[in-house]
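Just below is one structure, and these are the notes that go with it.
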Amino acid sequence: MSSARPTFEEALTQLNVELIKMGATVEKSIMDAVEAFKNHDEKLAKDIVAKDRIVDDMEKNIEAQCLSLILRQQPVAGDLRVVSTALKMVTDMERIGDQASDIAELIPHLGEGDTYDACSHIPAMAQVALEMVHGAINAFVEGDVQKAKEIINKDDIVDDYFDKVKNEVADLLREKAGSVDVILNFLMIAKYFERIGDHAENICEWVEFSKTGEYKDERII
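Going by the numbering used here, the final residue of the sequence shown carries number 289, and the count climbs one at a time with no gaps.
So, in structure tokens, the structure goes:
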């Protein structure tokens, strides 16, 4: 039993390393998506879509590591909580990568000009979503529950921005100010950023769970 423990600890350390790598990759995808949107950079958008497979592969690798740990080491209590948290977090990180790719796929179909100006809250919304992802990854790396809680509170800001974008889109449609398809593409991009905020919030909730055993105000082993 004592000889198995160092192996388990080493495996947990490696699992954390892989999670941090995936988090950094996903964060870079979001940074690029924000940049591509602001500058209508179609080349960067294509790069984001192409790199989504890397995130998918990382998810599969981490899931395999988690399942191997559970089957081989049969962790209990706190150790099992750590591995279970990794399985949950990796799903949210993969979905953040998907949202970045979804945003990138829409960028060539946005057109240029007045619609960008009219949907004025999307860049600020995107920036807050990016800050949430960055903060969530840092909270995980540092095991900082207080930081995780602070990031969770930022989700309301993203939601408020999304409501403003919906109002802007409604005004554009009512005024028939441009192509309906283009206007709705802006709404979809805002929705993807809103979902990114939700997934960052989820990651922070899993950070709290891994450290305290509490998830969404319910105590869990």
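Note that CB positions come from ideal geometry on N, CA and C, so glycine has one too.
Could you round the C-beta distance between residue i and residue j to whole angstroms and report it? I think they count as a contact, below 8 Å.
i	j	result
Ala113	Pro176	7 Å
Asp290	Asp120	Residue 290 is absent from the structure shown; the chain starts at 69 and stops at 289.
Val233	Ile190	6 Å
Asn270	Asp170	Between Asp170 and Asn270 the Cβ distance is about 17 Å, and since that is not below 8 Å, they are no contact.
Ala104	Ala172	6 Å
Ala216	Val275	4 Å
Leu87	Ile130	6 Å
Ser188	Glu218	About 26 Å separates the two Cβ atoms, so there is no contact after all.
Ala192	Ile116	About 21 Å separates the two Cβ atoms, so there is no contact after all.
Val94	Ile164	5 Å
Val209	Thr280	Between Thr280 and Val209 the Cβ distance is about 17 Å, and since that is not below 8 Å, they are no contact.
Phe261	Ala194	5 Å
Ile257	Leu174	6 Å
Which of helix, strand or coil does DSSP assign to residue i?
i	result
Glu131	helix
Met69	Interpretation of Met69 is limited by its pLDDT of 47, a score under 50 that renders its predicted location unreliable; no figure is taken from the coordinates.
Glu282	strand
Glu53	Absent from the model: residue 53. The displayed extent of the chain is 69 to 289, so no value can be given.
Arg255	The residue asked about is misnamed: residue 255 is Leu in this sequence, not Arg. In the structure shown, Leu255 sits in a helix (DSSP, three-state: H, G or I).
Pro176	helix
Gln167	helix
Ile288	Annotation note: pLDDT 37 at Ile288 (below 50); position unreliable, no value reported.
Val158	helix
Ala144	One point to set straight first is that residue 144 is Val, not Ala, in the sequence displayed. If DSSP states are grouped into helix, strand and coil, Val144 belongs with coil.
His267	helix
Lys111	helix
Lys222	coil
Glu273	helix
Thr75	helix
According to the neighbour-count rule (16 or more other Cβ atoms, all chains shown, within 10 Å of its Cβ), is residue i buried or exposed?
i	result
Lys284	exposed
Lys89	exposed
Glu286	Confidence at Glu286 is low in this model, with a pLDDT of 49, below 50, so the placement of that residue should be treated as unreliable; the coordinate-derived value is given next. Classification for Glu286: exposed.
Arg149	buried
Gly211	exposed
Leu178	buried
Asp100	buried
Glu162	buried
Gly146	exposed
Glu273	buried
Val85	exposed
Val144	exposed
Any chance the segment 226-243 sits against the segment 119-136, with 3 or more Cβ pairs inside 8 Å? no
Going residue by residue through the segment 188-214, where are the continuous beta strand (DSSP E) segments of at least 3 residues, counting only ones entirely within it? none
Is the number of C-beta pairs between the segment 152-162 and the segment 252-259 that are closer than 8 Å three or more? no
Counting pairs of beta carbons, one from the segment 129-148 and one from the segment 195-204, are three or more of them closer than 8 Å? no
Three or more C-beta pairs below 8 Å linking the segment 262-277 and the segment 215-223: yes
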